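See structure below.
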Amino acid sequence: MYDVQTLRQTEFPHSSEVAYLNHAGISPLPQRAKRAIQAAVEALSGDPNDYFGRVGLPAIIDLHARLARFINAAAPSEIVTITSTSAALNAVAQAIPWLPGDRVLFCDVEFPSNAYPWLSLARDGVESCVVPADGGGLTLRAVEQHADDRSRVVAASAVQFFTGHRTDMAAIGRFCRQRGILFVVDAIQAIGHVPIDVQAMGIDVLATGGQKSILGLPGVGFMAVRGAVAEAMRPRLIHANATVDWPHWLAYDLTPLPGAERFAAGTPNVPGLIGLGQSLALLEELGVANIDAHTTALSRYAIGRLTALGLDVITPVDALGPIVTFRSPIDAAATDQLVQRLAAQGVVVVKHLDAAGAAYIRLSFHCYNVLAEIDRFIETFSESAH
C-alpha cells in the first residue's frame, strides 16, 4: 500500500480542512495535474501554434499509448480522447448499423449518459430493454433472463453512480462475446478505482469522462473501442480531424480514420489532456489494485457505521466499490438543507433521488480519504439531522 498521509499532504492539501466525500460527482485535481494545466495555459498564452505542435500533440499521442496500457487495450489505435461519457456513448449509439427490431439492454438505475443515447434510438426502430436492477445493478443473471436473439448491445456501468453496485464485467463480457453482443461499459465511476482489462473482460466499448474517478478536468476523458468493432461502425457525427485525409481541408472525403480515431471530436483540450496525463501517472504510481483495496475498505467501514445508526443502506456489500448510498431519514427538501449544512461544516456529500422521488445521501471515496473523515461525517450528520 501507499502512504495515505503523504498523499494527502502533497497531492490533496484540501483534505486537511475538508472531508470531501463526493468523488462520484466531481473529484479535486491532484496538485501535479493542476501545475501541469497551469503551465500549459501559460504556454498557450504565448505562441500556441508552436506549443501545440511541439508539446501538445506529442503529449496526446503518448497519452493514448499510456491509456491503452492502463486498461490493456490491444493497441493505442483503440483509444480516442473525448469530452464526456455522454458524448462518447451518443457517438457510438449513432454509429452502429442498426436494423429495426434490434434491442439494447441496460438496467433501470443507469445514469442518463448510459440510457438516453440508447432510448433515443427508438426513432430508428431500436428497442431499449430496461431491466430491473438486480442487487443494485446489472448482473449476469439479469442479462441471461432478458437477452434474446435480437439483442445487439448490453450497456452497463462498471460501478453504479446511485447504488454503488460493482458490475461483474468479466462474466457479462464473456456472455456477450459468446453471443456476438456488443458489451458497452460506462467506466466513469470505476476507471481510477477498479482494475480494468478490456481484453480479459470482453469489453467492446469503454467510455469515461475525466472528472470523477480518473481525477481529471471536466470536459476531458477517453473512449476505447475494440479494433474490429470500430471498423464496423460508421459515425454520423463526423468531425474535421476524424477522416483519413483530414489535413487536406478542402478535399471533402468522409472516409473515416481507422480504429477509434474515427470518433475524434475536433481540436482537443490540450491543457486538460496534459493534466489527465499527470493524474494517470499518479494512479499508476499508487496502483489501481491498491486504490481498490483502500476505497473498498472505506466503503465497508461506512456501511458498518451507517447500519449501526439504523439507516437503510442500499449499497450491496457483496458487489462493493467506492460508493455508499443510504436512504435519507427526512424528505427531499429537508435533505437538501442537511447537505448544505454539512458542506458549511466542511463535509461534502451529495443528495440523490430514486425514480419515485425519495431522497438518498451518497458518500464516495478516493485514494486519499481516511476513516476519520467517515467518522466526521457520521458525527456531523447525527448532529445536523435532528
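Quick note: the sequence shown uses my numbering, first residue 967, plus one each step. C-beta atoms are modelled at their ideal positions from N, C-alpha and C, and glycine is treated no differently. Nothing here was measured: the structure is a model prediction, and the numbers come from that model.
For A985 and V1314, the gap between their C-alpha atoms comes out near 6 Å. Fewer than three pairs of CB atoms, one per stretch, sit closer than 8 Å, so the stretch 1222 to 1238 makes no contact with the stretch 1077 to 1087. Judged by their CB atoms, L1329 and L987 are nearer to each other than the 8 Å cut-off. Between V1160 and D1258, the C-beta spacing is below 8 Å. Linking A1321 to V1092 through their CA atoms gives a straight-line distance of about 24 Å. Judged by DSSP in its simplified three-state form, T1129 adopts coil rather than helix or strand. The shortest CA-to-CA distance from D1302 to any of Y1218, G1323, A1285 and L1181 is the one to G1323. Residues of the same chain with a CB within less than 6 Å of the CB of A1153, apart from the 5 flanking positions on each side, are A1124, L1172 and T1174 in chain order. G1287 sits buried, since 16 or more C-beta atoms from the chains shown fall within 10 Å of its C-beta. In the three-state reduction of the DSSP assignment, R1328 falls in the strand class, which pools E and B. Contact between the stretch 1054 to 1074 and the stretch 1197 to 1204 is present, with at least three C-beta pairs closer than 8 Å. Only residues of its own chain outside the window of five on either side were considered, and among them V1236, P1237 and I1240 have a CB closer than 7 Å to the CB of A1006, listed in chain order. Taking every protein chain shown into account, the CB of G1103 has 16 or more other CB atoms within 10 angstroms, so this residue is buried. Relative to F1347, the option among C1333, A1025, G1193 and K1317 whose CA is nearest is K1317. Excluding residues up to 5 positions away in sequence, N1207 lie with their Cβ nearer than 8 Å to the Cβ of T1233 in the same chain. In this chain, H989 is not harboured by any beta strand (DSSP E), its DSSP state being neither H nor E.
By the Cβ neighbour-count rule, Q1144 is exposed, with fewer than 16 other Cβ atoms within 10 Å of its own. In this structure, the CA atom of L1065 is about 26 Å from the CA atom of V1075. Secondary structure of L1033 (DSSP, three-state): helix. Shown here for N1056: same chain residues with a beta carbon closer than 6 Å to its own, the five before and five after excluded, namely P1083 in chain order. By the CB criterion at 8 Å, L973 and Y1334 fall inside the cutoff.
Around the beta-carbon of E1110, fewer than 16 other beta-carbon atoms lie within 10 Å, marking it exposed. Restricting attention to alpha helix (DSSP H) runs no shorter than 4 residues, the stretch 1150 to 1237 encloses them at 1193 to 1197, ordered along the chain.
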